[in-house]
Amino acid sequence: PGTRVADVDARATPGFDGSRSAGERALAAIGQDLSDLQERLYAHGRTGGDRSVLLVLQGLDTAGKGGIVRHVLGLVDPQGVALRSFGVPTPEERRHHYLWRVRRALPPSGRIGVFDRSHYEDVLVARVDELVPPDVWRARYDEINRFEERVAAAGTTIVKVLLWVSPDEQYA
Numbered sequence: 221p222g223t224r225v226a227d228v229d230a231r232a233t234p235g236f237d238g239s240r241s242a243g244e245r246a247l248a249a250i251g252q253d254l255s256d257l258q259e260r261l262y263a264h265g266r267t268g269g270d271r272s273v274l275l276v277l278q279g280l281d282t283a284g285k286g287g288i289v290r291h292v293l294g295l296v297d298p299q300g301v302a303l304r305s306f307g308v309p310t311p312e313e314r315r316h317h318y319l320w321r322v323r324r325a326l327p328p329s330g331r332i333g334v335f336d337r338s339h340y341e342d343v344l345v346a347r348v349d350e351l352v353p354p355d356v357w358r359a360r361y362d363e364i365n366r367f368e369e370r371v372a373a374a375g376t377t378i379v380k381v382l383l384w385v386s387p388d389e390q391y392a
């Protein structure tokens, strides 16, 4: 809370400073832990618990969202994971409130949901492409915050990941 994207050093690589091969070894080492945690989450949901996990991946095209899905989620049971990619809203989705499609994709108890892009696009794209007036997209900031507060209060842990890749790396 309170972090401004403009204040984040885009060159920073927090959390891991090793090589690619060291990263692959580290990822493999936590695989069993992730699998065990997923099994506990599932069992909790089966016994009436309300916990779930939502992983929200944001980033430019080719920033690595698909790589995270393949590498990290490849370590858990895919039956307990629901992946949802949010692109341009369909005609049906446009007939509803912009968060309608997001609500429908939230993970049920005991499950992991992964959003490849998300409801943040409804501010970002709407603002950049001037799809709605400024007062509309500005109001969405607070609306999204309230929505996420309700989702978290209902038992979903939301993990937000912004993948920022330099243009040189992106097109290498």
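Here the sequence shown is numbered in the working numbering, starting from 221 and rising by one per residue.
Beta carbons are placed, not taken as given, at the ideal position from N, Cα and C, and that holds for glycine.
None of the values given here were measured: they were computed from a predicted structure.
Provide the residue span of the beta strand (DSSP E) that contains residue 302, from first to last. 301-305
Please report the straight-line C-alpha distance between residue 265 and residue 370, rounded to a whole angstrom. 19 Å
Can you name the residues that DSSP bridges to residue 379? 275
Taking Cβ to Cβ, would you say residue 274 is nearer than 8 Å to residue 335? It is a contact, given that the beta carbons lie within the stated cut-off.
Assuming residue 324 and residue 302 are in contact, meaning their beta carbons sit under 8 Å apart, how far apart are those beta carbons, in whole angstroms? With a beta-carbon spacing of about 11 Å, residue 324 and residue 302 fall beyond the 8 Å limit used to define contacts.
Give the range of the alpha helix (DSSP H) segment to which residue 367 is assigned. The continuous alpha helix (DSSP H) containing residue 367 extends over residues 354-373.
By a C-beta neighbour count over all protein chains shown, 10 Å radius and 16 as the cutoff for buried, is residue 296 buried or exposed? Buried, because 16 or more other Cβ atoms sit within 10 Å of the Cβ of residue 296.
For residue 342, count neighbouring C-beta atoms within 10 Å of its own C-beta (all shown protein chains included) and say buried if the count is 16 or more, exposed if not. buried
Could you say which of 352, 361, 367, 337 lies nearest to residue 382 if we only look at CA atoms? 337
Coil, strand or helix - residue 200 by DSSP: Residue coverage of the chain in this structure runs from 221 to 392, which leaves residue 200 outside it and unanswerable.
What's the call for residue 327, buried or exposed, on a 16-neighbour Cβ count within 10 Å? That one is buried.
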